[in-house]
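Following the numbering used here, the numbering of the sequence shown begins with 1 at its first residue and continues without gaps.
Glycine residues also receive a C-beta, built at the ideal position from the N, C-alpha and C atoms.
A short worksheet on the structure shown next.
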Amino acid sequence: METPDETTVRAADSCRESLPERVDGGRVLFGFDGYIDRVREFVSERQSADTYERVPTLDAFADRVNDSVEAESSLTFEWIQDGVRTGGHVSHLARAFDRMGFEPGVVGCLGDPVEEPFVEEFGHLPLETLGSPGYTDAVEFGDGKLMLTEIGALMTLDWAGIESRVGFDRLAELVDGAELVGMGYWSEMPELPDVARGLREELWPTLSDPPETLLLDPGDLRKREPDVVAAGVEQVSALDDAVRVVVSANRYETRYLARLAG
């Protein structure tokens, strides 16, 4: 893996130094995705029913693919499932904040009914489901991962869909009084700008104790049409008029958003 550059190290150190020694907790809410990750390995060579060698690195995987392309032949990989875990914005954030002593709630694509991996990990939390989760086959190598994703209900989810599934009053109950609301990922939720509009125009004016901060994780928007993303930037940016919006993005995602925003 690459060593972080000096700018990244300084930024990480600055964040670490600004962290409080303890947190007071409180309610937080995360939406609107939800994934079940099937952790897998590619088999390189099998010795027996119980013994095999895995494809060790992404480079080794690429070599196999390139060899097949050059030979103009098809390519088959055997893969092994090595576990199942919850994933996506709601799972990662709910897990982390729960461990820090907060009281997370989740409004996400968790299944109809809520699927067992979410129940097993988050059954002690308030859960509201918006439909079928996404599924990711996460093929792990020594130097990275290959992620094969089926997005699920998130692909068509909009503000009306959230209202219909959860109910306006229930959503307001979960948001009002929360310390933080987190929302992700825009890259896999094309209608997120419409959800941002609904939060700003319809939900926030009804709250007596609205959250001070909304955490937005856009994900990798390079996979979306630039014109579509640029058209949505205005609605997402306008959300900052109602609540302080903090964007969680890496360097490449930040530059891409800045370029689209002009």
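Exercise. Between A49, V69 and S91, which lies nearest to E78 when the distance is taken from Cα to Cα?
Worked result: A49
Exercise. With burial defined as no fewer than 16 other Cβ atoms inside 10 Å of the residue's Cβ, what is the status of M183: buried or exposed?
Worked result: buried
Exercise. Apart from the five residues on each side of it in sequence, which residues of its chain come closer than 6 angstroms, Cβ to Cβ, to R197?
Worked result: Q235
Exercise. What are the complete beta strand (DSSP E) segments, minimum 3 residues, inside the segment 145–228?
Worked result: 180–184 and 213–217
For this session: Let me know the secondary structure DSSP gives D116 once reduced to three states.
Result: According to the sequence displayed, residue 116 carries Glu and not Asp. If DSSP states are grouped into helix, strand and coil, E116 belongs with the helices.
Exercise. For L75, which residues from the same chain have a beta carbon less than 6 angstroms from its beta carbon, with the 5 sequence-adjacent residues on both sides left out?
Worked result: S68
Exercise. By the 10 Å Cβ neighbour count, where 16 or more other Cβ atoms means buried, how is M189 classified, buried or exposed?
Worked result: buried
Exercise. In terms of residue numbering, what span does the alpha helix (DSSP H) encompassing A60 cover?
Worked result: L58 to A71
Exercise. Straight-line CA distance for A12 to T156?
Worked result: 36 angstroms
Exercise. What separation, rounded to the nearest whole angstrom, lies between the Cα atoms of D158 and E191?
Worked result: 5 angstroms
For this session: Might you give, ordered along the chain, the residues of its own chain that have their beta carbon closer than 8 angstroms to the beta carbon of P4, omitting 5 neighbours on each side?
Result: A12
Problem set entry | I36 beta carbon less than 8 angstroms from that of G87 | yes
Problem set entry | Candidates E225, I162, R200 and D209, of which the one nearest A238 by Cα | R200
For this session: Find the nearest neighbour of H92 within the set R244, V106, I80 and D82, judged by alpha-carbon distance.
Result: V106
Exercise. So does the segment 13–23 actually touch the segment 118–131, counting three or more Cβ pairs closer than 8 angstroms?
Worked result: no
For this session: Using only alpha-carbon positions, find the residue among R222, D240, A249 and L221 that is nearest to W204.
Result: D240
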